[in-house]
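**Student:** Quick one: structure below, then a few questions.
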Amino acid sequence: MPTDMQYKDGLRKDKFLNDLIIEAIKDGDTEKALEYLEKDNERIEKALEE
Numbered sequence: 008m009p010t011d012m013q014y015k016d017g018l019r020k021d022k023f024l025n026d027l028i029i030e031a032i033k034d035g036d037t038e039k040a041l042e043y044l045e046k047d048n049e050r051i052e053k054a055l056e057e
């Protein structure tokens, strides 16, 4: 089970990525938003494999 500090660090990473995706969508760059989401999914899949 992650510590409170690890949990908050994970949330900070998630928020940073969400901010990038929101900005890309607002700019009309759906390809960039999709790229960010695909990379994040890869990160999540690797973490779940461990």
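8 is the number of the first residue of the sequence shown in our numbering; add one for each residue after it. The C-beta atom is built at its ideal place from N, Cα and C for all residues, glycine as well. Fair warning: this is a prediction, and the values are worked out from it, not measured in the lab.
1. Taking all protein chains shown into account, do 16 or more other C-beta atoms lie within 10 angstroms of the C-beta of I51, making it buried, or fewer, making it exposed?
2. Mapping the DSSP letters down to three states, classify G35 as helix, strand or coil.
3. Apart from the five residues on each side of it in sequence, which residues of its chain come closer than 7 Å, Cβ to Cβ, to D47?
4. Which whole-angstrom value describes the C-beta separation of L27 and Y43, a residue pair presumed to lie in contact below a C-beta threshold of 8 Å?
**Tutor:** Taking the coordinates as given:
1. For the purposes of this step, residue 51 is identified with residue 44 of the sequence shown, where counting begins at 1. Burial call: exposed.
2. One-based indexing of the sequence shown puts residue 35 at position 28. G35 falls in the coil class under three-state DSSP.
3. Within the sequence shown, the letter at position 40 stands for residue 47. Correct list, in chain order: L24.
4. For the purposes of this step, residue 27 is taken as the residue at position 20 of the sequence shown. For the purposes of this step, residue 43 is taken as the residue at position 36 of the sequence shown. Confirmed, Cβ separation roughly 5 Å.
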